[in-house]
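According to numbering that gives the first Met the number 0, the stretch in the sequence shown is residues 0 to 306, in order.
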Amino acid sequence: MEISQPGPAVSGIVVTTSRILRIAVAAHLARFKGQSRVHTESDLRGYLVWCDQRGLDPLTASRPHVELYIRWLQEVRRYRPSTVSRRISVVAGFYRTCVIDSVLERSPAEYVRRPHVPPESPTLGLTHLQFEAVLTAARQSPNRCDFALVAMLGLLGLRIFEATGSDIEDLGEEYGHRVLRVHGKGDKIVLVPLPPAVARAIERAIDDRTAGPILLTSRGTRMDRHCATRRLRRLAEHAGVKLPRLHPHMLRHTFVTTMLDGGVDLRDVQIAARHADPRTTIRDDRARNNLDRHPNYILAAYMASAT
Numbered sequence: 000m001e002i003s004q005p006g007p008a009v010s011g012i013v014v015t016t017s018r019i020l021r022i023a024v025a026a027h028l029a030r031f032k033g034q035s036r037v038h039t040e041s042d043l044r045g046y047l048v049w050c051d052q053r054g055l056d057p058l059t060a061s062r063p064h065v066e067l068y069i070r071w072l073q074e075v076r077r078y079r080p081s082t083v084s085r086r087i088s089v090v091a092g093f094y095r096t097c098v099i100d101s102v103l104e105r106s107p108a109e110y111v112r113r114p115h116v117p118p119e120s121p122t123l124g125l126t127h128l129q130f131e132a133v134l135t136a137a138r139q140s141p142n143r144c145d146f147a148l149v150a151m152l153g154l155l156g157l158r159i160f161e162a163t164g165s166d167i168e169d170l171g172e173e174y175g176h177r178v179l180r181v182h183g184k185g186d187k188i189v190l191v192p193l194p195p196a197v198a199r200a201i202e203r204a205i206d207d208r209t210a211g212p213i214l215l216t217s218r219g220t221r222m223d224r225h226c227a228t229r230r231l232r233r234l235a236e237h238a239g240v241k242l243p244r245l246h247p248h249m250l251r252h253t254f255v256t257t258m259l260d261g262g263v264d265l266r267d268v269q270i271a272a273r274h275a276d277p278r279t280t281i282r283d284d285r286a287r288n289n290l291d292r293h294p295n296y297i298l299a300a301y302m303a304s305a306t
């Protein structure tokens, strides 16, 4: 089956002249919605392009081919273990769908050795003082959307696509609470309550507008993650906060760690962060190697009171 010549696109993925492969890709992507579909499509595209560049038909690939793809991600692209693991999960999921749909008899990714992902997240959050400094810089910024951006990421814990995708029409009230209707991962809709400070920040950002995006660029268009990253780095620089490659997800980590430091129960933090697994919440907390809440202090204080 020749795949050296690119063929029609399936949901943005340039695939080969193989009709069977095009149908298999479309069938797999149809299992996802919203941002999950976008991210799955992006990761699957990387594997299909890798195969195409080597004249390899993905539907005739064997386990060694998938192993070579893993090595390429690690040694050539220099991706972190978590990124490699995610991309291979997408490839394995694609082949699993092929087996379900009887396109393949067995999956070539079934027994591949995946990289070990350490329990500590590579993404670090901001310290309390750093977060306060960035909040202050955003509040004092002449750009009305800066404070809303930092508040939505760091005080609501929104993912960047959730914050930039929020519209004025998503604001409302439920049971006496000012809320934001958030379109999250897996096409899930959740109502996030807005503390007064966040509500004021959002009201300042939308001004007298009645429709459209909450967060705008200086040109009046919807803010995207690239613009948001530039704005955050500029605010951090203005606040004197020096962090290597500050990006929006660091504020979501800050949201988790700050709540845990404030004494919020792990289960409540998990619910607020909308983590499907509490281990994800714990992984975010472990990232900064925080010793402030180490059980040793609790034991020492207990023994001191007992004696």
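Virtual Cβ for every residue (Gly too), placed ideally from N, Cα, C. Here the structure is a predicted model, which means the values were calculated and not measured.
Status (buried if at least 16 other CB within 10 Å, exposed otherwise) for residue i
{"i": "valine 24", "result": "buried"}
{"i": "threonine 256", "result": "buried"}
{"i": "isoleucine 69", "result": "buried"}
{"i": "tyrosine 46", "result": "buried"}
{"i": "serine 41", "result": "exposed"}
{"i": "glutamate 161", "result": "buried"}
{"i": "methionine 0", "result": "Its pLDDT being 33, under 50, methionine 0 is placed unreliably in this model, and the value from its coordinates should be taken loosely. Exposed."}
{"i": "glycine 262", "result": "exposed"}
{"i": "glutamine 129", "result": "buried"}
{"i": "proline 247", "result": "buried"}
{"i": "valine 268", "result": "buried"}
{"i": "proline 212", "result": "buried"}
{"i": "alanine 266", "result": "Strictly speaking, residue 266 in this sequence is arginine, with alanine absent from that position. That one is exposed."}
{"i": "arginine 77", "result": "exposed"}
{"i": "arginine 229", "result": "exposed"}
{"i": "arginine 218", "result": "exposed"}
Integer-rounded CB distance, given that residue j should sit under 8 Å from residue i
{"i": "glycine 153", "j": "threonine 253", "result": "5 Å"}
{"i": "valine 90", "j": "leucine 58", "result": "Not confirmed; about 13 Å, so no contact."}
{"i": "methionine 222", "j": "leucine 231", "result": "In fact, because the Cβ distance is near 11 Å, the residues do not count as touching under 8 Å."}
{"i": "methionine 249", "j": "glycine 124", "result": "6 Å"}
{"i": "arginine 329", "j": "leucine 43", "result": "What is shown of the chain runs 0 to 306, which leaves residue 329 out entirely."}
{"i": "tyrosine 94", "j": "serine 84", "result": "16 Å between Cβ atoms; not a contact."}
{"i": "alanine 147", "j": "alanine 204", "result": "4 Å"}
{"i": "proline 195", "j": "histidine 176", "result": "Between histidine 176 and proline 195 the Cβ distance is about 11 Å, and since that is not below 8 Å, they are no contact."}
{"i": "leucine 72", "j": "arginine 86", "result": "6 Å"}
{"i": "aspartate 186", "j": "lysine 32", "result": "4 Å"}
{"i": "aspartate 206", "j": "arginine 143", "result": "7 Å"}
{"i": "threonine 96", "j": "arginine 30", "result": "7 Å"}
{"i": "alanine 210", "j": "glutamate 168", "result": "6 Å"}
{"i": "serine 17", "j": "aspartate 56", "result": "7 Å"}
Proximity of residue i and residue j at Cβ, strictly below 8 Å
{"i": "valine 111", "j": "valine 65", "result": "yes"}
{"i": "aspartate 145", "j": "alanine 26", "result": "no"}
{"i": "valine 240", "j": "alanine 150", "result": "no"}
{"i": "leucine 157", "j": "leucine 170", "result": "no"}
{"i": "serine 81", "j": "valine 48", "result": "no"}
{"i": "valine 189", "j": "valine 197", "result": "no"}
{"i": "leucine 245", "j": "serine 140", "result": "no"}
{"i": "isoleucine 159", "j": "alanine 60", "result": "no"}
{"i": "threonine 163", "j": "arginine 224", "result": "yes"}
Span of the beta strand (DSSP E), counted from its first residue to its last, around residue i
{"i": "histidine 182", "result": "176-182"}
{"i": "proline 212", "result": "Where proline 212 is concerned, there is no enclosing beta strand (DSSP E), given that its DSSP letter is neither H nor E."}
{"i": "glutamate 172", "result": "170-173"}
{"i": "proline 192", "result": "188-192"}
First through last residue of the alpha helix (DSSP H) which encompasses residue i
{"i": "arginine 201", "result": "Strictly speaking, residue 201 in this sequence is isoleucine, with arginine absent from that position. Taken as a continuous stretch (DSSP letters only), the alpha helix (DSSP H) holding isoleucine 201 covers 195-205."}
{"i": "glutamate 66", "result": "62-74"}
{"i": "valine 133", "result": "127-139"}
{"i": "methionine 151", "result": "143-153"}
{"i": "valine 48", "result": "33-52"}
{"i": "alanine 357", "result": "No statement about residue 357 is possible, as the shown extent of the chain runs from 0 to 306 and does not include it."}
{"i": "valine 89", "result": "80-99"}
{"i": "threonine 253", "result": "248-260"}
{"i": "isoleucine 270", "result": "265-272"}
{"i": "arginine 159", "result": "What sits at residue 159 in the sequence shown is isoleucine, not arginine. Note, isoleucine 159: alpha helix (DSSP H), 159-163."}
{"i": "histidine 115", "result": "Where histidine 115 is concerned, there is no enclosing alpha helix (DSSP H), given that its DSSP letter is neither H nor E."}
Min CB distance residue i to chain C below 8 Å
{"i": "serine 84", "result": "In summary, chain C is missing from the structure at hand, where a single protein chain is found."}
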